[in-house]
Amino acid sequence: MKKNNFLRLFFMLFLSAVFFSAHAQEELMVRGKVTSVSDGLPLPGVNIIIKGTTTGTISNVDGNYELSVTNAEEAVLVFKFIGFNDLEVPVQNQSTINVQMEESVIGLDEVVAIGYGTVSKRDLTGSVGSLDADMVTEKGTTSPLESIQGAVPGVQISSATGRIGDGFDIQIRGQNTLSDDSEPLYVVDGVITDGIDFLNPQDIARIDILKDASSTAIYGSRGTNGVVIVTTKQGADSKSKAVVTYDGYYGVRKPARLPELMDGQKWWYYHKSAYLATASDSNGDGIIDAQEHEASYLGTANSELLRRAQNNETTDWYDEVLKNGKQQNHYISISGANENVSYVMGIGYQNEEGNLNNEYIDKYTFKTSVNHKVSEKVTAGASLNVSLTEQEMGSQKAMREAFRLNPLLSPRDSTGVLVPMPGKYTTPEGDYLINKTSTYNPLLEINNSSDNTRRYNGVGNVFLEFKPIEELTFKTTFSIGYDQFRRGRSWGAQTDDGASNGDQALAQRDTEEDLNYTWDNQVSWDKSFGMHHFNLMGLYSIYERRIETSRMSTTNLPFNSQYYNMGTGAQSSFNIGSNYINTSLMSYVLRLNYDFNDKYLITLSNRWDGASNLSEGNKWHSFPSGAFAWRVSEEPFMENFGSLSNLKARVSYGFTGNQNVDPYKTVSYADRQTYYSFGDNTVNGFIPSQIANKVLTWETTSELNLGLDFGFLRNRIFGSVDIYNRLSEDLLMKQKLPKETGWEELDANVSSVRNKGIELSLTTVNIDNGDFSWRTSFTFSKNTNEIVSLYGQEEVDDIGNGWFIGEPIRTHYNYKFDGIWQADEAAEAATYGQTEGQAKVVDVNDDGEITPDDDRMILGSVDPDWSGSFSTHFKYRGFDLSMNLFTNQGMFVYSGFHSNFVDMRDRGRAKLDVDNWYIPENDAGIPAQYSNEYPQPRNGGTYWRNDGVGYYRLVDYVKIKNISLGYTFDQSVAGRLGMSHLRIYTNVLNPFVFTDYDGFDPEWAGSDYGAGGVSFVTYQFGVSARF
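In mature numbering (1 follows the signal peptide of the UniProt record, and there is no 0), the protein residues as written are -24 to -1, 1 to 1003.
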């Protein structure tokens, strides 16, 4: 027994000895000193951390440190200090490690795309805004374009309706053409595309936005509206093992900030007051008494409406129609490299449901890229991005129509069956129980409508690069873009359109196939001679695009077969059409980047474009540009300004163009069918639909840009200011022709528009001490848009189109609302042909009458007076917190929401919850109330009813776009799970909006209906992992 105890004791002592021996071998006390490279002085307060752990220490006042290191053979020390580059040093069992740290200048080494090349930010001479991969994905948006919102000064992005998949409107430095097309040029991995929303945000490495003419001139005739260059992720730059990443989240999209509409009792009171203006004087005594008034709003066909009002039986149409939408996003990728090959491949899936039933998006994406170093002089590569998107938008009318139904109407009858028109409720025999609005039941509209789009997108390229000597590079790239979509729309018998079609279904189907290719052949020469550095690039490019479209529609379908069985419709209703467009562009480009002594920078470029859609003699145009930058901070006389780390002055001037010409405007073609007599027969023939226009040419833009880049405290504070003046000339307009020509109008280059403004960006690194960091960014933009000339003249306005010399393009021109005619103003109102309670407008010339020519005026512009944004990012150990907001101030809009919900004409629809509509003195028992804001219902007058003078709103808003909170696990925890990185996070999108606008959302206040989509808040919960 004693022997056994002895053996046990010996065994325990042996294990303990082994353990402590091994532990002693793995732990090592490392000591050293940290100094500055520039002056050799010690650096106190440097954070020294063992990589992948939270174990660390801080250097003392003499720069000395000591740290106990486990697994000293493989451990790596990370040195971090404000204003210095991070430094990683392998321990490799060294007990003494002295290091020298190099001062950093934040941001200047960042590489940006400038079109057919890249340049470091410190050498940039133009105005370019950039987003890296983290900025694209951190906001949790499913649209890459939405991630730009508020991030780059001078770039205005807004949602059109807020509904999923409806896209965004974008302008860069204002509107440069009189057409509605202000879309910039999109370039994805060298491929020209119509947008970037088909991309998965996780596939994007960076987005660069070229704003000034010296930057966009490299794209010549397509650069006027700015250029958005998207670079997708590539494989590793150096040898590395395969890395697998996953990022995914689930989210809930909840309706929020819904406008207050009248409840049942208030609406009933409003409804009764609405009939004061139109009640019949059946007694002929000139007085509308209570009995006559009741007969007018009830009649004999609204007994059920009265019963519901008396019992306060109401419907919450928000609850009936809206729901919480769900979303999910999953993305997995693998990347790596060996000595000669680098690769990346990613697969993504996005799903999002809208806030209406039958509203969703499914998007599948695939991305791959491979680069192969064939030899020391030859490199080849290929890249491909493809996506499949299926989108169902359901009913376009349901949301707007639903909220216009008053709360006393019900979508169902007494048995729970949906009724076609809640405002036209009848007995089985057809007798009316409610006879008010004919708005169709939105629940039936949702169930029986379809608006489905299936879209295939693909962009790809292959390249071959040959470098015979160090200074010279030849590169040829073949790129292709493909966009094919099918859109099918159908309206069943139980929809508003179906009811208008004799209670029979109808459908429409559209298809389009868009294929383009580009072949770029590029040569670059890069050489330094002493203090002189030259980079010369030449390019020959050809581009071709082919678009094929078809459309078919039919009515009177016997079944609700959507758009799949259109041949069963009435043959007399068949409508079939197709189209084919082919355009091409040939280009030559030269660009020189030169710098002297790393202080004086010059960029010169010229592009010659020849386009097939213009006539002989006008096909070719050149687009030169020049830019100069002076790095003032590198001058000897700036040495005493120790806190100034960067100061660069920039000036640029250049020309760009716009191919805003339909492909076949320069030829006359016969496509209008007609009939004519041929002998005794009537035969089919065709006549020309347009006159050949041989003088059409490019819309051209010239722009002067003055810029200043600055940085302080080793760029702990840095930013830029840009001032620009842009003139767009030879803009296309429809010009009237003499009758003798036989034609009414002709496109002509006869107008001009100016945009000028200022942009500011500022970033501050407030704290960065290793454990805790705090960074903030601000942007500010102000653009002034004005029409300079119309039809070749600088004094002629075009009132019909709402265009005025010296005013913005998007201007509202109308009578100015001046309140409501009060009882004591009845006599004066009568002189204008109006009565008490009607809307009053300003008599501009005070001549006692209101006329369109003399009393309409410019009320304001849709464009904001200024825009801005703010973002802040915190990090504390493993935690990170960020917030982004943006603002638009001074937008003057015609509010579609108010034109629907404070329309005082109709008598059966819902109303915004307002208290102050006008009620005159009366004998019907309705208390009078006076208002100077809303007229008497059904007596608003012509200016409210026909001109909509009361629906304009000045809109200012601040929207917090995103709040994100994440936690990154310590390497030791992630490692135990087989991961090299693990982060969990939550995002809240659009949590707060600060505005006086009382419609759905101020961002789309100026859209057609203003009720196309409700405001929403999205909550996301996700995980990001790397293996």
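Each residue gets a CB set at the ideal place from its N, CA and C atoms; glycine is no exception.
Beta-carbon proximity of residue i to residue j, cut-off 8 angstroms
i: Glu611; j: Asp574; result: no
i: Val104; j: Ile185; result: yes
i: Asn938; j: Lys115; result: yes
i: Thr677; j: Thr632; result: yes
i: Val37; j: Val52; result: no
i: Phe873; j: Gly975; result: yes
i: Val838; j: Gly982; result: yes
i: residue 1039; j: Gly434; result: Look at the range of the chain in this structure, -24 to 1003, and you will see that residue 1039 is not part of it.
i: Lys187; j: Ile124; result: no
i: Asp496; j: Ser517; result: yes
i: Ser875; j: Gly138; result: no
i: Ala625; j: Leu684; result: yes
i: Val45; j: Val6; result: yes
i: Arg431; j: Arg885; result: no
Bounding residues of the alpha helix (DSSP H) (the contiguous stretch that carries residue i)
i: Thr807; result: Ala802 to Thr807
i: Tyr246; result: Gly240 to Ala250
i: Phe754; result: Per DSSP, Phe754 belongs to no alpha helix (DSSP H); it is in the beta strand (DSSP E), Phe748 to Ser765.
i: Arg283; result: Ser279 to Asn287
i: Tyr919; result: Thr918 to Arg921
Three-way DSSP call (helix, strand, coil) for residue i in this model
i: Leu121; result: helix
i: Asp295; result: helix
i: Ser948; result: helix
i: Asp831; result: helix
i: Phe1003; result: coil
i: Trp797; result: coil
i: Gln1; result: Confidence in Gln1 is poor, its pLDDT being 43 and thus under 50, which makes the residue's placement too unreliable to answer from.
i: residue 1033; result: Because the chain spans -24 through 1003 in this model, residue 1033 falls outside it and cannot be assessed.
i: Asp891; result: coil
i: Lys349; result: strand
i: Arg376; result: helix
i: Ile140; result: coil
i: Ile194; result: helix
i: Tyr92; result: coil
i: Val499; result: strand
i: Asn47; result: coil
i: Ala724; result: strand
Residue i classed as buried or exposed, judged by whether at least 16 other C-beta atoms fall within 10 angstroms
i: Gln1; result: Residue confidence for Gln1 is low, a pLDDT of 43 falling below 50, so the modelled location carries little weight; the figure read from the coordinates is stated next. Per the 10 Å Cβ criterion, exposed.
i: Pro387; result: buried
i: Ser925; result: Reading off the sequence, residue 925 comes out as Val, not Ser. Buried, by the Cβ-count rule.
i: Ala285; result: buried
i: Thr787; result: buried
i: Arg229; result: buried
i: Ala(-3); result: With a pLDDT of 41 at Ala(-3), under the threshold of 50, the modelled position of that residue is not reliable, and the figure given next carries that caveat. Exposed, by the Cβ-count rule.
i: Arg853; result: exposed
i: Asn102; result: Here the sequence assigns Gly to residue 102, which means Asn is not the residue at that position. Buried: at least 16 other Cβ atoms inside 10 Å.
i: Arg283; result: exposed
i: Gly506; result: exposed
i: Val10; result: buried
i: Pro978; result: buried
i: Arg(-17); result: Residue placement at Arg(-17) cannot be trusted, given a pLDDT of 48 that sits under 50; what the coordinates show is reported in the next sentence. That one is exposed.
Beta strand (DSSP E) segment containing residue i, residue limits
i: Asn361; result: Val354 to Glu368
i: Met111; result: Here Met111 belongs to no beta strand (DSSP E); instead the alpha helix (DSSP H) covers Ala109 to Thr113.
i: Pro129; result: That residue, Pro129, is in no beta strand (DSSP E); it is neither H nor E in DSSP.
i: Gly661; result: Asn657 to Pro664
i: Pro911; result: Pro911 -> no beta strand (DSSP E), and no H or E assigned at all.
i: Phe868; result: Phe855 to Tyr870
Presumed contact (8 angstroms Cβ cut-off) between residue i and residue j, rounded CB distance
i: Arg233; j: Val820; result: Not confirmed; about 37 angstroms, so no contact.
i: Glu679; j: Asn634; result: Not quite, the Cβ-Cβ distance comes to about 13 angstroms (not below 8 angstroms), so this is no contact.
i: Ile168; j: Val565; result: With a Cβ gap of about 15 angstroms, Ile168 and Val565 do not count as contacting.
i: Val221; j: Pro177; result: Here the sequence assigns Thr to residue 221, which means Val is not the residue at that position. Actually they are not in contact, since the Cβ atoms of Thr221 and Pro177 sit about 14 angstroms apart, beyond 8 angstroms.
8 angstroms Cβ cutoff, residue i in contact with chain B
i: Met528; result: Here there is only one protein chain, and chain B is not present.
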